[in-house]
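Residue numbers (the working numbering): 235 to 849.
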Amino acid sequence: MRDRGESPASTFATSGSLGALMRAIAGAFATVIGHERERSALRARLAKIASIVPVAIFEVRTTPDGQVTMPYSTPAISDIYGHTPEELAADVSLTASLSHPEDRPRVEAAMRESMQQMTPMHEEWRVRHPTKGEIWVEVSSTPEAQADGSVVWYGYFHDITARKRMEETLRERVVTQKKRERQIRFLAYHDALTRLPNRTLLLSRLRQAIAHTQRSNETLAVMFLDVDRFKTINDTLGHPAGDVLLQQVGRRLTETLRIGDTVARAGGDEFLVLVPGLHSPEEARPVAEHILATLSAPFSVAGQTLRVTGSVGLSVCPRDAVDVESLIKYADTALYLAKEQGRNTFRFFSPDLDAKVRARMHLENDLRTAVDHDQFLLHYQPQIDLATGRISGAEALIRWLHPQRGLLLPRAFIPVAEETGLILPIGEWALRAACLQARAWRDAGQPRLRISVNLSGRQLNGADIAGTVRRILAETDCDPRVLGVEITESAAMEDPREAITVIRALHDLGIEVTIDDFGTGYSSMAYLKRFALDRLKIDGTFVHGIPDDKDDVAIVQATIALARQFRLKVTAEGVETAAQRSFLEAHDCDAVQGFLVSPPLPAQDLRELLEAAIV
Ligand code: C2E
Ligand code: MG
Ligand code: MG
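This is the structure in structure tokens:
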């Protein structure tokens with residue numbers, strides 16, 4: 235309380251604080267006991283001040299028997315409670331009913347404490363203003379004990395909603411900023427899709443693990459895991475489904491391993507796993523087995539049940555290497571081998587493996603160059619129609635003129651081409667080259683020769699091979715009757731339903747469709763009947779044994795009978811001896827192909843052979 239007689243306005247002006255003003259006004263009231271004239275002048279002045287200050291000043295009384303009243307408040311009180319000073323003077327409980335229920339207990343406790351201790355109270359709370367809605371109010375009051383045992387509080391209410399909102403916005407901004415910083419920090423070391431550690435974090439953990447392994451004489455395993463045929467899943471189900479699968483794989487791997495192990499996403503469908511604390515390299519074996527077993531349980535992706543397998547390559551520290559780069563490179567090399575050896579398996583790195591894989595990688599690189607630089611050529615092996623004894627067709631067999639290694643046969647590169655998908659451009663090249671050759675022979679007035687081109691399994695599945703053949707025939711202005719395709723029995727049986735459609739589409743183009751290497755696959759009669767075929771080609775391995783080997787004789791005879799039954803033509807390949815040819819002739823085989831007649835020849839040589847008509 236201010237001293238009596240001190241001007242409240244001057245106090246306010248000098249102190250500049252709301253508390254000081256409040257005390258000045260309240261103090262001035264206490265002095266209003268003098269002359270009536272002075273009293274009314276002072277009252278007018280006070281009313282003026284009270285009407286312009288942005289706070290509501292009040293006086294609250296509590297009697298010893300617990301009665302609470304608010305005999306005085308300034309008009310600004312209605313900005314706080316929506317009630318006039320008079321209404322509140324009549325019923326102060328209106329204020330309590332408007333205070334926020336969550337804040338009320340705190341406020342009441344503060345008031346009790348203020349009364350017990352006779353100390354000033356300063357609180358902030360929320361009021362539910364009848365028209366403005368929720369507002370924040372700052373309350374400051376000072377209790378004063380009265381002679382009659384009651385307590386009087388002088389104080390003020392101040393609307394601080396704007397400040398509170400500002401504080402809230404700032405707080406939110408700080409929280410958002412911190413969250414963003416955390417996210418940036420997280421993403422620097424984690425993969426956004428799987429939320430697993432990324433390569434950077436893995437490398438740093440690997441560095442630590444190597445140091446620890448060397449100190450403790452333990453073994454550390456580094457595993458590269460690749461989801462088998464992930465590309466097919468991505469291509470058929472779409473990238474979002476592929477992403478979900480990767481997330482699930484990541485989760486499974488994490489659940490499979492121990493706390494101290496690290497699973498990281500190395501990129502694409504590859505994961506890296508660190509398994510420290512092993513006693514020997516062999517101890518990594520069950521871990522790899524466990525990982526593969528965990529992956530083989532079905533996944534549920536986009537409402538579909540997916541079964542996937544994985545391949546794992548392992549390197550171990552210190553046996554294979556004690557540096558980060560080598561351990562990762564060696565695990566990758568071992569992965570390459572695991573993939574090559576049929577997938578769904580794991581392989582350890584070994585130094586001789588390194589050389590093998592390196593050669594294979596070179597081959598893959600060279601093959602890509604070969605595709606870009608047109609390093610392939612076709613040789614043609616004549617086929618003799620046994621009824622006429624004349625050359626009726628030729629099989630186009632691809633060769634690769636390798637710049638350093640010379641002429642390479644298909645077995646040296648076709649498997650790699652199939653695995654890498656390069657067989658698609660290579661296969662298309664072979665088709666076009668064969669059609670161009672057929673055209674050239676036609677233009678040169680040569681007798682009609684049907685050229686058969688081998689198709690790979692990869693070309694049959696989802697690659698619209700019939701569309702490709704149609705386009706190439708049109709582009710090269712080639713008559714479909716001089717083109718044939720050979721599809722191996724095993725390629726056709728990989729997905730027989732798809733093969734039915736593809737073979738039908740090829741057949742409808744007017745080209746001859748042959749099942750190659752017949753007898754080496756496992757075709758079922760039911761499918762064979764439904765394939766729109768023209769010819770069966772008996773595999774050379776059965777021809778080899780005739781006429782002496784009983785089994786081969788039986789197989790060859792049965793195949794010819796089967797072909798007759800299905801009204802198919804039949805060619806025997808790999809015919810090397812006159813005895814074989816005689817047997818086939820005697821058993822109603824339609825055509826033969828093999829070294830007996832001629833090995834595969836360059837186009838020019840085949841032409842000379844045709845002209846010489848030596849067969
Ligand atoms: P294929 O289609 O069964 O071709 C017959 C293979 O037997 C050819 O081997 C041929 O040179 C060989 N051959 C021919 N006559 C005899 C014989 O009397 N005795 C023996 N032992 N072998 C004989 P090549 O040229 O090495 O081709 C191997 C395989 O590579 C082919 O088997 C075919 O599956 C594949 N191939 C060849 N060219 C292509 C192509 O353009 N695309 C695709 N996808 N595969 C091709
Ligand atoms: Mg063939
Ligand atoms: Mg064959």
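No residue lacks a Cβ here, since even glycine has one placed at the ideal position from N, Cα and C.
- With DSSP as the reference, please indicate the residues paired to residue 534 in a beta bridge. The partner list for residue 534 (beta bridge, DSSP) reads 539.
- Query: Thinking C-alpha only, which one of 780, 728 and 686 is nearest residue 740?
  - Reply: Of the candidates 780, 728 and 686, the one whose C-alpha sits nearest the C-alpha of residue 740 is 686.
- What residues are listed by DSSP as bridge partners for residue 669? DSSP, once it has assigned bridges, lists no residue as partnering residue 669.
- Shortest alpha-carbon distance to residue 458 belongs to which of 709, 520, 566 and 386? The candidate whose alpha carbon is nearest that of residue 458 is 566.
- From this set, 579, 586, 437 and 553, which residue's C-alpha is nearest residue 542's C-alpha? Nearest to residue 542 by alpha-carbon distance, out of 579, 586, 437 and 553, is 579.
- When the Cα of residue 701 is compared with those of 437, 678 and 735, which residue comes out closest? Residue 701 has its Cα closest to that of 735, out of 437, 678 and 735.
- Query: What whole-angstrom Cβ distance do residue 524 and residue 490 have, given they're in contact under 8 Å?
  - Reply: So it is a contact: roughly 6 Å between Cβ atoms.
- Query: Secondary structure at residue 579, three-state DSSP: helix, strand or coil?
  - Reply: DSSP places residue 579 in coil when its eight states are reduced to three.
- Message: On the DSSP letters alone, give me the boundaries of the alpha helix (DSSP H) that residue 813 sits inside.
- Response: Per DSSP, residue 813 belongs to the alpha helix (DSSP H) from 812-820.
- Indicate the three-state DSSP secondary structure (helix, strand or coil) for residue 565 in the structure shown. In the structure shown, residue 565 sits in a helix (DSSP, three-state: H, G or I).
- Reduced DSSP secondary structure (H/G/I, E/B, other) of residue 484: Correct three-state label for residue 484: helix.
- Residue range of the alpha helix (DSSP H) that residue 390 falls in? Where residue 390 is concerned, there is no enclosing alpha helix (DSSP H), although the beta strand (DSSP E) around it starts and stops at 385-393.
- Any contact of the segment 351-370 with the segment 274-283, i.e. 3+ C-beta pairs under 8 Å? Per the Cβ contact rule, the segment 351-370 is not in contact with the segment 274-283 (fewer than 3 Cβ pairs under 8 Å).
- Cβ neighbours of residue 598 in the same chain (closer than 7 Å, five flanking residues each side left out): Cβ neighbours of residue 598 within its own chain (closer than 7 Å, five residues either side excluded): 650 and 654.
- Cβ of residue 383 within 8 Å of Cβ of residue 298? One thing to note: residue 383 has its Cβ within 8 Å of the Cβ of residue 298.
- Query: Would DSSP call residue 838 helix, strand or coil?
  - Reply: For residue 838, the three-state secondary structure derived from DSSP is helix.
- Item | residue 659 in three-state terms, based on DSSP | Three-state result, residue 659: helix.
- DSSP beta-bridge partners for residue 752? Partner(s): 772.
- Message: Mapping the DSSP letters down to three states, classify residue 397 as helix, strand or coil.
- Response: Helix, per DSSP.
- Message: Let me check one thing: in DSSP terms, what residues is residue 549 bridge-paired to?
- Response: DSSP, once it has assigned bridges, lists 456 as partnering residue 549.
- Task: Compare the Cα-Cα distances from residue 718 to each of 829, 409 and 664 and report the closest residue.
- Result: Among 829, 409 and 664, the Cα nearest to that of residue 718 belongs to 664.
- Task: Whole angstroms is fine: what's the gap from residue 474's alpha carbon to residue 728's?
- Result: If you take the alpha carbons of residue 474 and residue 728, they lie about 27 Å apart.
- Just grab the DSSP bridge partners of residue 423 for me. The partner list for residue 423 (beta bridge, DSSP) is empty, contrary to what the question assumes.
- Task: For residue 436, collect the residues of the same chain with a Cβ closer than 8 Å to its Cβ; drop the 5 residues on either side in sequence, then sort them by chain order.
- Result: The residues 496, 498, 500, 506 and 508, in chain order, have a CB closer than 8 Å to that of residue 436 in the same chain once the five nearest residues on each side in sequence are set aside.
- C-alpha gap between residue 324 and residue 400, whole angstroms: Rounded to whole angstroms, the separation of the alpha carbons of residue 400 and residue 324 is 36 Å.
- Message: My parser needs the beta strand (DSSP E) runs of 3 or more residues fully inside the segment 465-528; what are they?
- Response: Unbroken beta strand (DSSP E) runs of no fewer than 3 residues, entirely contained in the segment 465-528, are found at 496-501 and 504-512, following chain order.
- Task: Evaluate contact between the segment 784-795 and the segment 579-597, counting only Cβ atoms and requiring at least three cross-stretch pairs below 8 Å.
- Result: Counting Cβ pairs under 8 Å, fewer than three are found: no touch.
- Query: For residue 443, does the three-state DSSP call read helix, strand or coil?
  - Reply: Three-state result, residue 443: helix.
- Task: Give every residue whose Cβ lies closer than 5 Å to any heavy atom of ligand 2, listed in chain order.
- Result: Listed along the chain, these residues meet the criterion: 688, 720 and 750.
- Assigned secondary structure, residue 833 (DSSP; H/G/I helix, E/B strand, else coil): DSSP, reduced to helix, strand and coil, places residue 833 outside both helices and strands of the structure shown, so it counts as coil.
- Item | Anticipated Cβ contact below 8 Å, residue 737 with residue 766, distance rounded | Going by Cβ atoms, the distance from residue 737 to residue 766 rounds to 5 Å, so yes, they are a contact pair.
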